[in-house]
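Take a look at the structure below.
Number of protein chains: 2
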Amino acid sequence: MPSAKDKGAVNNAHALPHPPAGLNKKTDRMPHFPSAVIRRLALYGRVLQILENNRTEKISSKALAEHMGLNSAQVRKDLAYFGQFGVPGYGYHVRSLRANLKRVLGTDRQLRLALIGAGNLGMALMTYGGFSRQGVRIVMGFDVDRRKAGSLRNGIPIYHVDDLEKRLRRDLVDIVALTVPSDAAQPLADRVGQTGVSAILNFVPCRLMAPPGVRIHDVDLTIEIECLSFYIK
Amino acid sequence: MPSAKDKGAVNNAHALPHPPAGLNKKTDRMPHFPSAVIRRLALYGRVLQILENNRTEKISSKALAEHMGLNSAQVRKDLAYFGQFGVPGYGYHVRSLRANLKRVLGTDRQLRLALIGAGNLGMALMTYGGFSRQGVRIVMGFDVDRRKAGSLRNGIPIYHVDDLEKRLRRDLVDIVALTVPSDAAQPLADRVGQTGVSAILNFVPCRLMAPPGVRIHDVDLTIEIECLSFYIK
DNA sequence: TAGATTGTTAATCGATTAACAATC
DNA sequence: TAGATTGTTAATCGATTAACAATC
Numbered sequence: 000m001p002s003a004k005d006k007g008a009v010n011n012a013h014a015l016p017h018p019p020a021g022l023n024k025k026t027d028r029m030p031h032f033p034s035a036v037i038r039r040l041a042l043y044g045r046v047l048q049i050l051e052n053n054r055t056e057k058i059s060s061k062a063l064a065e066h067m068g069l070n071s072a073q074v075r076k077d078l079a080y081f082g083q084f085g086v087p088g089y090g091y092h093v094r095s096l097r098a099n100l101k102r103v104l105g106t107d108r109q110l111r112l113a114l115i116g117a118g119n120l121g122m123a124l125m126t127y128g129g130f131s132r133q134g135v136r137i138v139m140g141f142d143v144d145r146r147k148a149g150s151l152r153n154g155i156p157i158y159h160v161d162d163l164e165k166r167l168r169r170d171l172v173d174i175v176a177l178t179v180p181s182d183a184a185q186p187l188a189d190r191v192g193q194t195g196v197s198a199i200l201n202f203v204p205c206r207l208m209a210p211p212g213v214r215i216h217d218v219d220l221t222i223e224i225e226c227l228s229f230y231i232k
Numbered sequence: 000m001p002s003a004k005d006k007g008a009v010n011n012a013h014a015l016p017h018p019p020a021g022l023n024k025k026t027d028r029m030p031h032f033p034s035a036v037i038r039r040l041a042l043y044g045r046v047l048q049i050l051e052n053n054r055t056e057k058i059s060s061k062a063l064a065e066h067m068g069l070n071s072a073q074v075r076k077d078l079a080y081f082g083q084f085g086v087p088g089y090g091y092h093v094r095s096l097r098a099n100l101k102r103v104l105g106t107d108r109q110l111r112l113a114l115i116g117a118g119n120l121g122m123a124l125m126t127y128g129g130f131s132r133q134g135v136r137i138v139m140g141f142d143v144d145r146r147k148a149g150s151l152r153n154g155i156p157i158y159h160v161d162d163l164e165k166r167l168r169r170d171l172v173d174i175v176a177l178t179v180p181s182d183a184a185q186p187l188a189d190r191v192g193q194t195g196v197s198a199i200l201n202f203v204p205c206r207l208m209a210p211p212g213v214r215i216h217d218v219d220l221t222i223e224i225e226c227l228s229f230y231i232k
């Protein structure tokens with residue numbers, strides 16, 4: 000019997016990534032939905048939006064699957080996780096399916112987002128229109144630069160990061176997007192954890208420890224680039 | 000063009016005892032590697048970089064797995080896809096494993112990237128330092144606005160999009176990042192397909208048809224937001 | 001009704017994890 | 001040598017796909 004002694008030869012530096020914190024797998028009391036299914040739900044939504052714009056009234060799982068490059072059984076199964084949205088012999092009513100998916104994803108209500116870090120990427124996101132189309136409203140930005148504090152960008156107020164907790168709480172922010180230098184990310188994530196914010200969209204290329212009750216979602220361009228690099232070798 | 004068409008030969012002294020797993024696919028030509036494995040490779044690289052900065056010389060699959068929140072067998076299996084990088088009874092030499100992974104991913108050479116669309120996101124990416132750290136050099140930008148053409152941004156020349164094909168070919172661009180309005184995306188992707196560019200990093204929230212020989216990689220913020228929305232309901 | 005298509009169960013496929021001989 | 005840890009095969013787990021009774 001291999002008595003694998005847990006003997007970390009690594010001196011644990013503070014900057015090291017870490018196993019994902021907290022709730023995972025089946026320890027959740029909530030039913031677990033594969034994250035791939037959730038992502039496909041969002042993608043179905045995009046196809047349905049186009050169909051609705053085209054005045055298409057109904058669609059079969061087979062046709063929807065073809066639009067997405069999937070198997071029709073997978074489409075039916077994905078949708079059946081969340082309800083019986085189809086009609087046998089008919090298919091799915093585009094408009095109602097779309098509305099149902101919005102409800103399931105929670106994109107039928109508005110989310111309030113704050114940006115921490117008003118550098119280039121942060122500023123770009125403030126003027127980026129794509130969020131508002133998905134029901135996300137950027138309600139404020141933060142920066143360490145006192146010259147930026149007090150100004151507006153695209154109508155969005157920028158505050159000094161000293162006021163972070165106060166402002167996030169007062170304006171009931173749901174999501175924070177982190178666009179700061181790597182060193183600053185973890186302390187800011189910890190502070191965000193004190194405020195009732197539910198999720199962090201992390202653009203910083205480092206792994207963050209999630210404060211309790213906060214979901215962290217990484218958007219890591221450098222990792223994407225590295226994957227691309229492999230395939231174009 | 001990156002002439003490096005060479006097989007990913009294992010620079011380890013040991014010969015591969017077996018062809019890498021995944022060979023028995025429909026196309027016997029190139030072995031197929033799960034994209035999840037490729038992504039983890041990039042993430043291992045990040046952990047190894049930190050370890051190397053900390054002067055850590057060796058690491059076991061178990062310790063590496065813990066840093067990533069994975070199973071140690073998975074780490075060994077992921078690495079073994081591409082060669083025998085470890086030493087039984089010892090583990091992996093951090094520096095050489097990191098070098099090997101860079102070679103496998105192709106991040107040991109410089110990639111040349113052009114940005115199409117010098118709007119907010121495009122401009123932000125031009126000043127974003129994260130790419131250069133991963134060996135990606137942004138060599139030019141394009142825009143439809145003739146006032147932007149001819150100018151520099153962060154030392155990067157911006158050309159008019161009329162010159163797209165000419166410039167991409169002349170400067171041997173490897174990757175194009177698309178940060179344009181949705182309507183413009185597909186025609187531009189088609190034009191890019193004529194130039195020898197190997198990959199498109201698509202920031203536009205719509206599904207593009209890949210021109211032959213071009214790999215498209217979507218970075219879709221609105222989909223990310225919708226997934227987040229589901230979990231914070 | 002006859003044809004079409006759903007929701008769901010069973011079969012298949014692929015990816016993760018456990019186990020262990022090889023070996024440093 | 002004795003202990004540790006690899007690479008690899010076998011077992012398990014989960015996700016995709018096929019099949020089909022239900023039903024509009």
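Chains U and W supply the protein sequences, listed in that same order. With numbering that gives the first Met the number 0 as the guide, the letters of the first sequence map in order to residues 0 to 232. With numbering that gives the first Met the number 0 as the guide, the letters of the second sequence map in order to residues 0 to 232. For glycine and all other residues, C-beta sits at the position ideal for the given N, C-alpha and C.
- request: For chain U, find out if any of its Cβ atoms is closer than 9 Å to the Cβ of residue 106 of chain W; answer yes or no.
  value: yes
- prompt: Quick one, which residues of the region 119-133 of chain W are near chain U if we go by CB-CB under 9 Å, in chain order?
  reply: 119, 120, 121, 122, 123, 124, 125, 126, 127, 129, 130, 132, 133
field: Residue from U:176, U:77, U:56, U:191 whose Cα sits closest to the Cα of residue 165 of chain U
entry: Answer by Cα proximity: U:191.
- prompt: Do residue 113 of chain W and residue 170 of chain W have their C-beta atoms closer together than 9 Å?
  reply: It is a contact, given that the beta carbons lie within the stated cut-off.
Residue 259 of chain W - DSSP class collapsed to helix/strand/coil: It is not possible to answer for residue 259 of chain W, since the shown part of chain W is limited to 0 through 232.
query: Can you name the residues of chain U whose CB is closer than 8 Å to the CB of residue 223 of chain W?
result: 200, 216, 218
task: Enumerate in chain order the residues of its own chain whose CB-to-CB distance from residue 77 of chain W is below 7 Å, with the five nearest sequence positions on each side excluded.
output: When the five nearest sequence neighbours on each side are left out, the beta carbons in the same chain lying within less than 7 Å of the beta carbon of residue 77 of chain W are those of 36, 39, 40, in order along the chain.
task: Would you check if the distance between the CB atom of residue 228 of chain U and the CB atom of residue 203 of chain U is smaller than 9 Å?
output: Residue 203 of chain U sits away from residue 228 of chain U, with the two beta carbons spaced by 9 Å or more.
task: Can you pull the chain W residues whose beta carbon is under 7 Å from the beta carbon of residue 228 of chain U, in chain order?
output: 104, 105, 106, 110
message: Looking at the strands, I want to know which residues DSSP matches up with residue 199 of chain U.
response: U:175, U:215
- prompt: Can you tell me the Cα-Cα spacing of residue 90 of chain U and residue 217 of chain W, whole angstroms?
  reply: 29 Å
query: Any contact of the region 193-211 of chain U with the region 79-97 of chain W, i.e. 3+ C-beta pairs under 8 Å?
result: Touching, no.
- prompt: Closest Cβ-Cβ distance between residue 41 of chain W and chain U: below 9 Å?
  reply: yes
- prompt: In chain U, which residues lie less than 9 Å from residue 155 of chain W when you measure between Cβ atoms?
  reply: Within 9 Å Cβ-Cβ: nothing; residue 155 of chain W doesn't reach chain U, min ~13 Å.
- prompt: Residue range of the beta strand (DSSP E) that residue 137 of chain W falls in?
  reply: 135-142
7 Å CB neighbourhood of residue 57 of chain W in its chain, flanking five on each side removed: These residues qualify, in order along the chain: 89, 90, 91, 92, 93.
Close beta carbons around residue 42 of chain W, own chain, < 7 Å, minus the five adjacent residues each side: 67
- prompt: Going along the chain, which residues of the region 67-78 of chain U sit with their C-beta nearer than 8 Å to a C-beta in chain W?
  reply: none
message: Closest to residue 145 of chain U by C-alpha separation, out of U:137, U:139, U:184, U:159, would be which residue?
response: Here the closest residue by C-alpha is U:159.
message: Tell me the residue span of the alpha helix (DSSP H) that contains residue 111 of chain W.
response: From DSSP, residue 111 of chain W is part of no alpha helix (DSSP H) but of the beta strand (DSSP E) over 110-115.
field: residue 96 of chain U, buried or exposed, once every other Cβ within 10 Å from all chains shown has been counted against 16
entry: buried
- prompt: For residue 151 of chain W, which of helix, strand or coil comes out of DSSP?
  reply: strand
query: Can you name the start and end residues of the alpha helix (DSSP H) that residue 230 of chain W belongs to?
result: 220-230
query: To which residues does DSSP link residue 57 of chain W through a beta bridge?
result: According to DSSP, which records beta bridges pairwise, residue 57 of chain W is partnered with W:92.
field: Cβ separation of residue 280 of chain W and residue 63 of chain W, assumed to be a contact under 8 Å, to the nearest whole Å
entry: Residue 280 of chain W is absent from the structure shown; chain W starts at 0 and stops at 232.
Beta-carbon neighbours of residue 197 of chain W, restricted to chain U and to distances below 7 Å: 231
- request: Answer with buried or exposed for residue 154 of chain W, where buried requires no fewer than 16 other C-beta atoms within 10 angstroms of its C-beta.
  value: exposed
- prompt: Quick one: which chain U residues come within Cβ less than 8 Å of residue 38 of chain W?
  reply: 222, 226
Selection from W:72, W:157, W:174 that minimises the alpha carbon distance to residue 110 of chain W: W:174
- prompt: In whole angstroms, what is the alpha-carbon distance linking residue 156 of chain W and residue 82 of chain U?
  reply: Going from the Cα of residue 156 of chain W to the Cα of residue 82 of chain U covers about 53 Å.
query: Any residues in the region 162-181 of chain W with a beta carbon nearer than 7 Å to a beta carbon of chain U? Which ones, in chain order?
result: 173, 174
- prompt: Are the C-beta of residue 138 of chain U and some C-beta of chain W separated by less than 9 Å?
  reply: no
- prompt: To the nearest whole angstrom, what separates the beta carbons of residue 201 of chain W and residue 167 of chain W, a pair I think is in contact under 8 Å?
  reply: The Cβ separation is near 16 Å, so there is no contact.
- prompt: What does a CB cutoff of less than 7 Å around residue 189 of chain U pick up in its chain, not counting 5 residues either side in sequence?
  reply: Cβ within range, chain order: 210.
message: With distance defined between alpha-carbon atoms, name the residue in W:205, W:230, W:133 nearest to residue 220 of chain W.
response: For the residues W:205, W:230, W:133, the minimum Cα distance to residue 220 of chain W belongs to W:205.
Proximity test, residue 55 of chain U beta-carbon vs the ligand GTP heavy atom, cut-off 8 Å: As presented, the structure is devoid of all ligands, the ligand GTP included, so that no description of it is given.
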